[in-house]
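Each residue of the sequence shown is one higher than the one before, starting from 0 at the first, in numbering that gives the first Met the number 0.
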Amino acid sequence: MKTVVSYTTLDDRARDIFRHIVETYMANGDPVGSRTLSRNFDLSPATIRNVMADLEHLGLLEAPHISAGRLPTTQGLRYFVDGILEIGSLSATEQAVLESQYTESNTMEGMLEQASRMLSGLSSSAGLVVAPKADKAIRHIEFVSLQPTRALVIIVPDDGMVENRIMELPAGITPDILKQASNFLSERLYGKTFGEMRGAITNEIKQRRGELGELMSRIVEEGLATQSGDGTLIVRGASNLLDQNSINDLDRVRLLMEQLEAKETVSKLLEEAGQADGVKIFIGSENPVFGGSGHSLILTPYRNGAGSFVGAVGVIGPTRLDYAKIVPSVNFMAEMISRNIRKLSEG
């Protein structure tokens with residue numbers, strides 16, 4: 000059983016050795032041995048091995064192979080990032096360099112594309128930007144039965160660009176229930192967006208469930224859900240992940256690629272970013288979106304002129320990312336995107 004480590008658990012010598020192990024690992028990705036460490040400390044290899052054994056017992060280090068050096072665990076990297084690493088802000092010069100490279104775009108798509116590409120270059124990993132699908136005012140919504148357990152959802156927004164979705168139906172749904180659900184949503188959504196009306200409609204369903212009926216209520220809820228979680232995910236620099244990983248890690252990179260392509264990835268990223276006040280760092284297996292691949296994710300929201308959450312920008316890469324450099328860069332990129340969004344809305 001791993002010991003829970005507080006920031007005061009380690010003495011100065013153990014902290015210095017642990018810091019050196021993590022920084023060396025971040026620099027080259029290789030296990031660090033006691034002989035390598037002894038060149039940087041006025042301590043014998045045996046003393047260093049004892050300290051490393053203590054760090055391993057605390058769950059901060061692990062040995063990938065017998066008689067090999069040690070690597071930081073996910074818990075160890077979390078301890079390092081939260082308790083040892085100093086993450087500041089970009090200097091005025093660094094901000095000026097980024098601003099000189101960032102060309103404000105007249106379109107949302109161009110702005111997000113550029114941000115993702117810049118973050119990839121800054122991190123030598125993959126830069127990603129996620130934005131929710133544009134929430135359009137609705138003119139009409141209709142449910143059309145396809146099979147006893149499936150229906151076609153026809154959504155007609157004000158711009159006339161009709162959208163069709165397939166949804167699963169609970170048992171017992173009749174054409175009359177589908178028609179009632181269509182009328183219910185169309186009346187309440189007319190001229191409004193899903194985002195504007197989702198809360199009000201959900202509350203009305205809760206209050207009138209007995210009157211509306213369980214099946215009718217479920218169809219309306221499912222209809223609202225068809226507009227949840229869709230959006231745009233732009234990833235640039237994914238090939239960098241292959242360059243940084245050995246042949247033994249290719250399976251994890253393939254898994255990450257599959258996760259990036261999964262349709263639920265956008266909604267998961269938006270959910271995580273929407274709950275964040277600032278930068279969130281997920282390390283390896285902590286990662287709620289790409290945890291199985293063992294990659295780290297740095298994510299922060301960007302906002303509109305009213306301060307409302309719009310989307311998220313970030314970097315995904317190996318656990319040995321340069322967090323001290325990338326975190327403030329991601330944060331400043333979000334600030335530049337937010338500023339550009341305000342200008343677009345004003346113009």
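Every residue gets a Cβ at the ideal spot worked out from N, C-alpha and C, and that includes glycine.
Since we're looking at a predicted model, the values are computed, not measured.
Rounded Cβ spacing between Val-326 and Val-278 (contact assumed at less than 8 Å): Yes, Val-326 and Val-278 are in contact; Cβ-Cβ is about 5 Å, under 8 Å.
Every unbroken beta strand (DSSP E) within the stretch 209-268, with a cutoff of 3 residues, ordered by chain: 230-235
Residues bridged to Val-278 [DSSP beta-bridge criterion]: None, per the DSSP bridge assignment.
Three-state secondary structure assigned by DSSP to Thr-201: Residue state, collapsed to three classes: helix.
C-alpha distance - Tyr-189 paired with Asn-163, whole-angstrom precision: 18 Å
Those residues which DSSP pairs with Phe-142 across a bridge: Val-152
Residue(s) in a DSSP beta bridge with Val-326: None; Val-326 has no bridge partner.
Local conformation of Thr-72 per DSSP, three classes: In the structure shown, the three-state DSSP call for Thr-72 is coil.
Own chain, CB closer than 7 Å to Pro-63, minus 5 neighbours either side, in chain order: Pro-30 and Leu-70
Candidates Arg-77, Gln-94, Val-143 and Ile-336, of which the one nearest Gly-58 by Cα: Arg-77
Paired residues, beta bridge with Met-166 - DSSP: According to DSSP, which records beta bridges pairwise, Met-166 is partnered with Ala-150.
CB-CB length for Gly-316 against Leu-240, believed under 8 Å: Yes, Gly-316 and Leu-240 are in contact; Cβ-Cβ is about 6 Å, under 8 Å.
Ala-224 versus His-56: straight-line alpha-carbon distance, rounded: 47 Å
Alpha helix (DSSP H) segments (min. 4 residues) lying fully within the stretch 14-89: 33-37, 44-56 and 73-82
Beta-carbon contacts of Ala-199 that lie in its chain and below 8 Å, excluding the five residues immediately before and after: Arg-187
Beta-carbon proximity list for Gly-306, same chain, < 6 Å, skipping 5 on both sides: none
As assigned by DSSP and simplified to three states, the class of Arg-302: strand
Ile-153 versus Tyr-24: straight-line alpha-carbon distance, rounded: 53 Å
Proximity below 8 Å, CB of Lys-178 to CB of Pro-156: no
Nearest-angstrom beta carbon gap, Val-312 and Arg-302 [assumed within contact, 8 Å]: Not confirmed; about 11 Å, so no contact.
Among Thr-318, Ala-237 and Thr-231, the one whose alpha carbon lies nearest that of Glu-108: Nearest to Glu-108 by C-alpha distance, out of Thr-318, Ala-237 and Thr-231, is Thr-231.
DSSP bridge partner residues for Ser-295 (one or two, in chain order): Gly-316
Gly-212 burial status per 10 Å Cβ neighbour count (16 or more: buried): Gly-212 is classed as exposed because its beta carbon has fewer than 16 other beta carbons within 10 Å across all chains shown.
Neighbour-count burial assignment, Thr-148, 16 or more Cβ in a 10 Å radius: exposed
Under the three-state DSSP convention, the category Glu-334 falls into: helix
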